[in-house]
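Here is the structure we will look at.
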Amino acid sequence: MLLATKLRLGDSNTMMAQGGIQAADKPNDSPPIHYLDVIGGGGFNNTPELVNALVRDAPEAIVWLEDLGVMFDKEIDGTMVTIHGGGTSRKRMHSARDYTGGEIMKTLRDEIKNRGIDYIEFSPAIELLTDDGKCTGAILYNLETDEYVVVRAKTTILATGGAGRLHVQDFPTSNHYGATADGLVIAYRAGNPVIFMDTIQYHPTGVAFPEQIVGLLVTEKCRGLGAQLVNNDGDRFINELETRDVESAAIIKECTEKNKGIKTPTGMLSVWLDTPMIDIIHGEGTIQRKLPAMYRQFQRFDIDMSKEPLLVYPTQHFQNGGITVNEKAETKVPNLYGAGEVDGGVHGRNRLMGNSLLECIVFGRRAGKNAALKEKKIERGKLTLQHIKRYHIELKEANIDADIMSPMLLPDYRRKETIARMIDI
Ligand SMILES: Cc1cc2nc3c(=O)[nH]c(=O)nc-3n(C[C@H](O)[C@H](O)[C@H](O)COP(=O)(O)OP(=O)(O)OC[C@H]3O[C@@H](n4cnc5c(N)ncnc54)[C@H](O)[C@@H]3O)c2cc1C
Numbered sequence: 000m001l002l003a004t005k006l007r008l009g010d011s012n013t014m015m016a017q018g019g020i021q022a023a024d025k026p027n028d029s030p031p032i033h034y035l036d037v038i039g040g041g042g043f044n045n046t047p048e049l050v051n052a053l054v055r056d057a058p059e060a061i062v063w064l065e066d067l068g069v070m071f072d073k074e075i076d077g078t079m080v081t082i083h084g085g086g087t088s089r090k091r092m093h094s095a096r097d098y099t100g101g102e103i104m105k106t107l108r109d110e111i112k113n114r115g116i117d118y119i120e121f122s123p124a125i126e127l128l129t130d131d132g133k134c135t136g137a138i139l140y141n142l143e144t145d146e147y148v149v150v151r152a153k154t155t156i157l158a159t160g161g162a163g164r165l166h167v168q169d170f171p172t173s174n175h176y177g178a179t180a181d182g183l184v185i186a187y188r189a190g191n192p193v194i195f196m197d198t199i200q201y202h203p204t205g206v207a208f209p210e211q212i213v214g215l216l217v218t219e220k221c222r223g224l225g226a227q228l229v230n231n232d233g234d235r236f237i238n239e240l241e242t243r244d245v246e247s248a249a250i251i252k253e254c255t256e257k258n259k260g261i262k263t264p265t266g267m268l269s270v271w272l273d274t275p276m277i278d279i280i281h282g283e284g285t286i287q288r289k290l291p292a293m294y295r296q297f298q299r300f301d302i303d304m305s306k307e308p309l310l311v312y313p314t315q316h317f318q319n320g321g322i323t324v325n326e327k328a329e330t331k332v333p334n335l336y337g338a339g340e341v342d343g344g345v346h347g348r349n350r351l352m353g354n355s356l357l358e359c360i361v362f363g364r365r366a367g368k369n370a371a372l373k374e375k376k377i378e379r380g381k382l383t384l385q386h387i388k389r390y391h392i393e394l395k396e397a398n399i400d401a402d403i404m405s406p407m408l409l410p411d412y413r414r415k416e417t418i419a420r421m422i423d424i
């Protein structure tokens with residue numbers, strides 16, 4: 000087995016995830032109730048069998064992570080602390096303070112090293128290899144040596160994550176630098192359909208000030224704990240626990256159509272997130288105890304979020320759509336599997352908080368198990384790029400003149416405002 004990754008092992012959106020992971024494992028909750036929340040949040044467009052897999056495997060996923068060593072927040076009697084997220088009808092968000100993804104990734108990374116699993120860093124997959132339509136491996140590009148590496152594989156799993164760094168509609172993003180939709184591109188060229196590509200999720204509370212961290216996330220957990228969204232008149236304009244699409248739309252409307260936004264010193268429009276409410280509701284010290292990473296992130300810029308509200312605006316956060324898979328994580332290309340944010344269908348047109356960490360664990364485990372079982376039953380195939388030839392013929396027939404290189408791997412991340420301020424030296 001070989002794990003190839005684009006940057007360093009662990010550089011990922013998972014590492015950055017803050018708020019938590021959902022699982023219906025409390026007495027007042029159940030996978031069917033979780034199912035209804037996921038489907039409702041997704042606008043009833045979700046692929047039902049994928050949602051079924053997600054919610055049914057969720058309690059076991061939490062047990063698996065805990066057994067590996069993930070330290071979830073617990074009550075004094077040892078029961079898991081669970082809280083609400085936007086659009087959840089029960090408190091089912093399990094977290095490790097506000098660095099849940101970091102805690103999970105650190106544990107999984109240790110596990111990879113402890114089990115002696117081979118991995119290769121700075122080596123993104125740039126194309127799949129096929130034999131008569133079946134996936135037979137991938138071509139990697141070594142970012143350090145500029146060499147191409149051919150990897151022969153009986154089964155291949157794509158877990159390349161999302162697309163935030165493509166900065167759709169010029170929005171800032173919360174995503175890590177490797178999130179450039181590579182898996183979507185290469186799976187599509189190999190013949191797998193993609194769905195809901197128009198449904199990028201904008202997280203309502205991206206940082207609008209200070210400028211150095213514009214786009215980074217202010218976790219939804221803040222609103223879960225009682226922080227309120229407030230316009231320039233000091234008025235609340237939305238229930239803070241609506242789904243993300245509703246929240247983001249309300250903030251954008253407040254800043255544009257209603258002209259009730261607050262301008263940051265660099266001219267960006269924003270609204271207040273009244274974080275001091277958290278300590279007022281739950282007692283002094285709650286922010287430092289429950290949101291330590293977030294507190295430190297602002298403290299570095301002399302902003303004490305327990306005393307002052309924050310300025311926020313929606314940020315490009317998640318790719319709701321992606322490549323199609325079935326409940327076994329199989330794509331339509333034989334021997335190719337997909338797991339995590341690269342997949343589409345689980346969340347329909349809108350994901351709820353905490354279901355994406357869950358998705359990458361549930362479908363990662365399903366993809367791993369099914370790929371391992373399949374690998375035992377098949378022969379190695381030839382290594383060809385037949386599908387690329389076919390793809391170019393299709394482009395020509397459709398009169399598409401595509402001169403953009405893809406996958407983009409590491410595009411220019413500077414925003415146009417930054418480039419405009421550059422000084423010639
Ligand atoms: C700031 C932030 C906070 C979040 N908070 C939460 C939360 O609280 N709860 C929740 O459920 N979800 C949250 N999410 C979403 C969630 O973290 C991600 O959707 C999920 O972790 C994605 O997992 P993944 O394994 O699919 O992708 P990633 O974790 O992004 O991993 C993809 C990996 O593939 C690598 N890669 C990319 N392209 C290639 C290539 N061509 N070849 C080889 N490797 C490649 C990347 O470098 C990366 O290591 C958050 C996301 C962000 C950005």
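Residue numbers 0 to 424, in the numbering used here, belong to the letters of the sequence shown in order.
Quick reminder that beta carbons are idealized off the backbone N, C-alpha and C, glycines included.
Asked: Other residues of its chain near N230: CB distance less than 6 Å, five sequence neighbours each side excluded; Found: F236, E253, K259 and V270
Asked: Enclosing alpha helix (DSSP H) for D66 [first to last residue]; Found: P47 to L67
Asked: Stretch-stretch touch, CB-based, cutoff 8 Å, three pairs: the region 185 to 203 with the region 316 to 336; Found: yes
Asked: Euclidean distance between Cα positions of V50 and H346; Found: 8 Å
Asked: Under the three-state DSSP convention, the category T242 falls into; Found: coil
Asked: M79 in three-state terms, based on DSSP; Found: strand
Asked: Backbone CA spacing between A52 and G380 [nearest angstrom]; Found: 31 Å
Asked: Minimum length 3: unbroken beta strand (DSSP E) runs contained in the region 216 to 302; Found: 227 to 229 and 268 to 273
Asked: C-alpha gap between L408 and V167, whole angstroms; Found: 15 Å
Asked: Q17 (DSSP reduced to helix, strand or coil); Found: coil
Asked: Completely contained alpha helix (DSSP H) runs for the region 170 to 199, where each covers 4 or more residues; Found: 181 to 188
Asked: C-beta contact flag for L2 and V150 at 8 Å; Found: no
Asked: Residue range of the alpha helix (DSSP H) that includes L35; Found: P30 to G40
Asked: Terminal residues of the alpha helix (DSSP H) in which Y390 lies; Found: Q385 to E396
Asked: The region 68 to 79 contacting the region 91 to 110, beta-carbon criterion three pairs below 8 Å; Found: yes
Asked: Alpha-carbon to alpha-carbon, M104 and I82; Found: 21 Å
Asked: Separation of K376 from T314, as counted between CA atoms; Found: 45 Å
Asked: A16: CB within 7 Å of a non-hydrogen atom of ligand 1; Found: yes
Asked: Reduced DSSP secondary structure (H/G/I, E/B, other) of A419; Found: helix
Asked: Check whether A207 and A180 have beta carbons under 8 Å apart; Found: no
Asked: Beta-carbon separation (whole angstroms), I185 vs G225, contact threshold 8 Å; Found: Not a contact, Cβ separation roughly 44 Å.
Asked: CB contact flag (G136, L351, <8 Å); Found: no
Asked: Proximity test, M404 beta-carbon vs ligand 1 heavy atom, cut-off 7 Å; Found: no
Asked: Of the listed residues E340, M304 and L6, nearest to R288 (C-alpha basis); Found: M304
Asked: Rounded separation between F43 and Y34 - CA only; Found: 11 Å
Asked: The alpha helix (DSSP H) enclosing V361, as first and last residue numbers; Found: N354 to E374
Asked: Residue environment, R404, which counts as buried when at least 16 other CB atoms sit within 10 Å; Found: The sequence given here places Met at residue 404; Arg does not occur at that position. Result: exposed.
Asked: Any non-hydrogen atom of ligand 1 within 7 Å of L6 CB; Found: yes
Asked: R151 - containing beta strand (DSSP E), residue span; Found: Y147 to R151
Asked: Given 8 Å, three or more beta-carbon pairs between the region 58 to 68 and the region 17 to 31; Found: yes
Asked: Residues near T106 in its chain [Cβ-Cβ closer than 6 Å; skip 5 each side]; Found: L67, G68 and V69
Asked: Under the three-state DSSP convention, the category V167 falls into; Found: helix
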